[in-house]
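Q: Sharing a structure below in structure tokens format, with a few things to ask.
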Amino acid sequence: MASKEVVASGVDASGGIWGGGVRPFGVPSKKLGMWLFVISDALTFSVVIFAYGYLRLAAADWPRPFLFVPSIVNASVMTFVLMTSSVTMVYAVRSAQLGLRKASVWWLCATVLCGVIFDVLHLREWAGLIKEGVRPLQNPWGTPMFGSAFFSLTGLHMLHVTIGIIYLLAVAAMFGSSKATADDVEVSGLYWHFVDLVWMFIFPLVYLLSAHR
Amino acid sequence: MSDGVTPVVHHAHAPTSFIRRYVFSLDHKVIGQQYYMLALFSVFIGMLLSWLVRIHLVWAKFPIPLISHLSPNGAPGGVITPEYYLSLLTLHGTLMVFFVLTTAPQSGFGNYILPIQIGAEDMAFPTLNMLSFWTTFVALVVLVSTFFVKDGPPISGWTAYPPLSAIGGDAGPGLSLGQDLWAISIALFCIGSLMGALNFIVTTLDMRCRGMLLSRMPLSTWGWLITAVLALLSFAVLFAACILLILDRNAGTSFFIPGGLIVSEKIQPHSGGSPLLWQHLFWFFGHPEVYIAIVPGWGIISQILPVFARKPILGYKVILGCLGSIAGLSFMVWGHHMFVSGMSPYSGFLFSVPTLIITLPATIMTLLWLGTVWGGKLRLTTSMLFALAFISVFVTGGLGGMFLAQPSLDIYLHATYFVVGHFHMVMGVAAIFAMLAGTYFWYPKMFGRMLNETLGKIHFWITFVGVYAIFMPMHFLGLAGNVRRYSEFTDDFLQPLIPVHKFITVCALAVGATQFIFLFNVFWSMLKGEKAPDNPWDATSLEWSIPSPPPFDNFDGKHPVVYRGPNEYGTPSGEKDFEMQATPPAEIQRRTI
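Residue numbers (this note's numbering), protein chains in the order written: chain Y, 39 to 251; chain H, 99 to 691.
Below, the structure written as structure tokens:
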């Protein structure tokens, strides 16, 4: 029912001050927007991961082709690089908040570098698999769906990393020339950490579960 | 917080160039009108398609003029082929569900009204808002373009079930390029809706004016907020499903196509996938989608009923609880669309129970609306008539849902006209009635002139009686075993039902024709309608405290202050029986002394 008490000057009934114009949950709009994007994008990834699991469980002969050397080692190095990039991202955000503009830009560049290394290692691995005969609907080892699921899932993630690289470069350039704020750096950090987090699901589900026995 | 300061008061001026002001506008009001017009265009195209569908069902050999130009193969000499019937059905469904039911109540009214109702100057991200509209626009263009490609629109229905939708041209007309365009269109639509949903949530939480507590937000704003949450979570899923479908069709993957499939005497070069996977993903989106169409309607109705009943809404917080619980439950019931797809009886039970539980909050809400109207001083404007009729069709349609929620009944009814009647009643007609109620209610604010009430009432009565005449018989056809999706009823056991179908078709033509009265009213009133006062309905929420139509920056550079909830009706102080949300207490004291 409508509150009958007449409240003057925007002080709410519980005594808290709600002045309007203030962000009610202490979250700037851009940051809230990025959180919502992350939630939504997480669902998009969930679908592809779900599809992978659904098909894998339904298949009688899902291949487990990844030898410890080089595949698992390569994927572990990629994981390490991506985790490192999360650390450098944390430094970039912290430096930005402390007003250390130059340091923040350098940390952002280090993060971008890690992203590029990740992409290069990943593409090299793709090229190797394609050379061995893996296609979206064909591979030398077992159910043809292996290629479909592998390329779709890791491809979607690689696309996110690549977009992240461009995004971080743009933020670095804008923050360096004072066109972006420390908040913008933090928001880009949210995106980057999310992309890293998705990899933490892909690494065990795609690589470790498919390690050669 | 870093930006926890009150924004500087300033006058914003509308851009002067035509393109920036009316085409690529950043103003939420223009974007809201653009969305509304996009939906209006789509609804009339969708309705004309339904005419063609209905005519073909009962007079299959009747040559329809002009349509042979649209598709020489699909309708040689104007006579629609069974395949082209399915193409028309697909486009009817897709246009109506996505570009009307998802677009008008949420993106149309929401964009225009929500920022004003919470006292904001604009949406939180105006550029994103513009992008979301133009993405939706491109999606519509891509969808309509399927009419003009070689085979015409796909024949796979608006649900696009694989393998039919996934294997390409071998499976039938429209399934090569037409189906590709369909998938691209829907993927684009998802992106547009996701951007819109994100913007709505941030705007509602972050942009409220001084004094606008969450508990003082009008229920229409709550409806749009909850719908935005549903859209954010469900369109992300459909988007991924569409991407997988596009990959299956064009990149050689096989997510949805099982092995050993022989279509048109050819073995399909796919294996390993599952058509059920698409159904799970599609309906995980599809059921929340039902609520994306109807929750804004519930909000709009909860906002309109008190205005014309001159009583506060009964149980503001209970209605909120109902909206929230239905939104939550909507993610747990997708399997009830798949009872006949092959499902363990235990899973069927698991999906059936929460579906039936949804009837509880829905019933509570309905009773609260009736309680709001009960004993009120009713003002039977066209808007109010549509709001009351909404309750009627919502109950009628909802009762059908209780049958379909039970696997044992659904197995018989699922492939029949019972389902057609049910979802048209509750998702189609009820949602459209909420939109029409909203149109008659907010038109004065949106276009600065009143709609003609006489035309409105003619429109209302024919439509209201007509939709019952169309969709009630469908329930009985379904009980009699009349299968849906058939293009003709030549089977022996269907022959006796043809007179009922003829009756439905005649009613559909009449109700459809009546909608042109509405269309005429909308455009004629824009030019010749009576000038609208600021607050023609004696309503309380913020949009009625500013001129009609509102100035470019809504509140003329000032920041409104809200002192109370939106439901202060029947509280006489002086000559008025209502208090606006923005009226300062001092002014009320002055008036009452």
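Ideal Cβ placement from N, Cα and C applies to all residues, glycine included.
All of these numbers come straight from a predicted model, not from anything done at the bench.
Measuring straight from C-alpha to C-alpha, what distance separates Lys69(Y) and Leu159(Y)?
A: As a working mapping, residue 69(Y) is identified with position 31 in the first sequence. As a working mapping, residue 159(Y) is identified with position 121 in the first sequence. When rounded, the distance between both Cα atoms is 31 Å.
Q: Whole angstroms is fine: what's the gap from Thr200(Y)'s alpha carbon to Pro634(H)'s?
A: Here residue 200(Y) is taken as the residue at index 162 of the first sequence, counted from 1. Here residue 634(H) is taken as the residue at index 536 of the second sequence, counted from 1. So the alpha carbons of these two residues sit roughly 54 Å apart.
Q: Hey, would you say Phe354(H) sits closer than 8 Å to Ser372(H), going by beta carbons?
A: Walking along the second sequence from the start, residue 354(H) turns up at place 256. Walking along the second sequence from the start, residue 372(H) turns up at place 274. Against a cut-off of 8 Å, the Cβ pair of Ser372(H) and Phe354(H) comes out as a contact.
Q: Using alpha carbons as the reference points, say which of Leu486(H), Thr192(H), Gly272(H) and Trp376(H) lies closest to Gly283(H).
A: Numbered from its first residue, the second sequence carries residue 283(H) at position 185. The amino acid occupying residue 283(H) in the given sequence is Ser; Gly does not appear at that position. The residue with the shortest Cα to Cα distance from Ser283(H) is Thr192(H).
Q: Does the contact criterion of 3 or more C-beta pairs under 8 Å hold for the region 376 to 391 of chain H versus the region 306 to 316 of chain H?
A: Too few Cβ pairs lie closer than 8 Å, so no.
Q: Verify the CB distance criterion: does Met99(H) have a CB-CB separation below 8 Å to chain Y?
A: For the purposes of this step, residue 99(H) is taken as residue 1 along the second sequence, with counting starting at 1. Annotation note: pLDDT 33 at Met99(H) (below 50); position unreliable, coordinate value reported separately. By this cut-off, Met99(H) is an interface position.
Q: At 4 residues or longer, and completely inside the region 277 to 357 of chain H: list those alpha helix (DSSP H) runs for me, N to C.
A: As for any alpha helix (DSSP H) of minimum length 4 sitting wholly inside the region 277 to 357 of chain H, the runs are 317 to 348, ordered along the chain.
Q: Taking only runs of the alpha helix (DSSP H) that begin and end inside the region 126 to 179 of chain H, which ones reach a length of at least 4 residues, in chain order?
A: Those alpha helix (DSSP H) runs which fall completely within the region 126 to 179 of chain H and span 4+ residues are 126 to 156 and 165 to 168.
Q: Going residue by residue through the region 587 to 624 of chain H, where are the continuous beta strand (DSSP E) segments of at least 3 residues, counting only ones entirely within it?
A: Runs of the beta strand (DSSP E) inside the region 587 to 624 of chain H: none found.
Q: With DSSP as the reference, identify every bridge partner of Arg173(Y), one or two as the case may be.
A: In the first sequence, counting from the first residue as 1, residue 173(Y) sits at position 135. Gln176(Y).
Q: Kindly indicate which three-state DSSP category Arg662(H) falls into: helix, strand or coil?
A: What you label residue 662(H) is simply residue 564 of the second sequence in a count that begins at 1. Coil, per DSSP.
Q: Excluding five sequence neighbours on each side, which residues of the same chain lie with their C-beta closer than 6 Å to the C-beta of Trp219(H)?
A: Indexing the second sequence from 1 puts residue 219(H) at position 121. At residue 219(H) the sequence reads Glu, which differs from the Trp that was named. Annotation for Glu219(H): Asp651 and Asn652 place their beta carbon closer than 6 Å to its own, counting only its chain and skipping 5 residues before and after.
Q: At 9 Å on the CB atoms, spell out the chain A contacts of Ala222(H), in chain order.
A: Annotation note: the requested chain A is absent from the structure, which comprises protein chains Y and H.
Q: Helix, strand or coil for Val361(H)? Go by DSSP, reduced to three states.
A: The residue labelled residue 361(H) in the question sits at position 263 within the second sequence. In this structure, Val361(H) counts as strand in the three-state DSSP scheme.
Q: If I measure Cβ to Cβ from Met72(Y) and keep anything under 7 Å in the same chain, skipping five residues before and after, which residues do I get?
A: In the first sequence, the residue the question calls residue 72(Y) occupies position 34. These residues qualify, in order along the chain: Val225, Leu228 and Tyr229.
Q: Along the region 198 to 231 of chain Y, where does the CB come closer than 8 Å to a CB of chain H? Name the residues.
A: Thr219, Ala220 and Asp221
Q: Mind listing which residues of the region 331 to 357 of chain H have their C-beta closer than 7 Å to chain Y's C-betas, in chain order?
A: Taking 7 Å as the Cβ-Cβ cut-off, the region 331 to 357 of chain H approaches chain Y at Leu331, Ala334, Val335, Phe337, Ala338, Ala339, Leu342, Leu345, Ala349, Gly350, Thr351, Ser352 and Phe353, given in chain order.
Q: Could you pull out every residue in the same chain whose Cβ sits closer than 8 Å to the Cβ of Pro648(H), ignoring the five residues on either side in sequence?
A: The residue given as residue 648(H) occupies position 550 in the second sequence. Around Pro648(H): Lys127, Ile214, Lys543 and Glu641.
Q: Flag this pair as touching only if the region 514 to 531 of chain H and the region 563 to 577 of chain H have three or more C-beta atom pairs under 8 Å; answer yes or no.
A: The region 514 to 531 of chain H is in contact with the region 563 to 577 of chain H.
Q: Under 8 Å, with one C-beta from each stretch per pair, do the region 558 to 565 of chain H and the region 225 to 232 of chain H reach the 3-pair mark?
A: No, because fewer than three Cβ pairs between the region 558 to 565 of chain H and the region 225 to 232 of chain H fall closer than 8 Å, the two stretches do not touch.
Q: Under 7 Å between beta-carbons, which chain H residues line up against Ala96(Y)? List them in chain order, please.
A: Here residue 96(Y) refers to the residue found at position 58 when the first sequence is read from its first residue. Within chain H, the residues near Ala96(Y) are Ser372.
Q: So who's on the other strand from Val693(H), going by DSSP bridges?
A: The structure shown has nothing for residue 693(H), since chain H only spans 99 to 691.
Q: Which partner residues of Arg251(Y) appear in the DSSP bridge assignment?
A: For the purposes of this step, residue 251(Y) is taken as residue 213 along the first sequence, with counting starting at 1. DSSP, once it has assigned bridges, lists no residue as partnering Arg251(Y).
Q: Does the beta carbon of Ala148(Y) come closer than 8 Å to any beta carbon on chain H?
A: To locate residue 148(Y), count along the first sequence from 1; it is residue 110. So, not an interface residue.
Q: So if DSSP puts Phe676(H) in a beta bridge, which residue, or which two residues, is it bridged to?
A: For the purposes of this step, residue 676(H) is identified with residue 578 of the second sequence, where counting begins at 1. Paired residues: Tyr667(H).
Q: Would the region 131 to 139 of chain H and the region 159 to 176 of chain H be scored as touching if the rule is three or more Cβ pairs under 8 Å?
A: no
Q: Give the DSSP-derived three-state secondary structure of Phe447(H) in the structure shown.
A: If you number the second sequence from 1, residue 447(H) lands on position 349. In this structure, Phe447(H) counts as helix in the three-state DSSP scheme.
Q: Indicate whether at least one CB of chain Y lies closer than 8 Å to the CB of Leu553(H).
A: If you number the second sequence from 1, residue 553(H) lands on position 455. By this cut-off, Leu553(H) is not an interface position.
Q: Is there a Cβ of chain Y sitting closer than 8 Å to that of Leu292(H), yes or no?
A: Along the second sequence, one-based indexing puts residue 292(H) at 194. Yes, because at least one Cβ of chain Y sits closer than 8 Å to the Cβ of Leu292(H).
Q: Is it the case that the Cβ atoms of Thr514(H) and Asn580(H) are separated by a distance below 8 Å?
A: As a working mapping, residue 514(H) is identified with position 416 in the second sequence. As a working mapping, residue 580(H) is identified with position 482 in the second sequence. A contact, by the Cβ cut-off of 8 Å.
Q: What residue range is occupied by the uninterrupted alpha helix (DSSP H) comprising Ala237(H)?
A: Here residue 237(H) is taken as the residue at index 139 of the second sequence, counted from 1. Ala237(H) -> alpha helix (DSSP H) spans Pro224 to Ser243.
Q: Could you tell me if Tyr541(H) is buried or exposed, where buried requires 16 or more neighbouring beta carbons within 10 angstroms of its beta carbon?
A: Here residue 541(H) refers to the residue found at position 443 when the second sequence is read from its first residue. By the neighbour-count rule (16 or more Cβ atoms within 10 Å), Tyr541(H) is buried.
Q: Would you list the residues sitting across from Arg547(H) in a DSSP beta bridge?
A: Counted from its first residue, the second sequence places residue 547(H) at position 449. Partner(s): Lys629(H).
Q: For the region 299 to 323 of chain H, which residues have a beta carbon sitting closer than 9 Å to at least one beta carbon of chain Y?
A: Ile299, Val300, Thr301, Leu303, Asp304, Met305, Arg306, Cys307, Arg308, Gly309, Met310, Leu311, Leu312, Ser313 and Arg314
Q: Output needed in chain order: residues of the region 363 to 392 of chain H with a Cβ under 9 Å from some Cβ in chain Y.
A: Residues passing the 9 Å Cβ filter: Pro367, His368, Ser369, Gly370, Gly371, Ser372, Leu374, Leu375, His378, Leu379 and Phe382.
Q: If you drop the 5 nearest sequence neighbours on each side, which residues of the same chain put their C-beta closer than 6 Å to that of Leu412(H)?
A: If you number the second sequence from 1, residue 412(H) lands on position 314. Hits under 6 Å: Leu466, Gly469 and Thr470.
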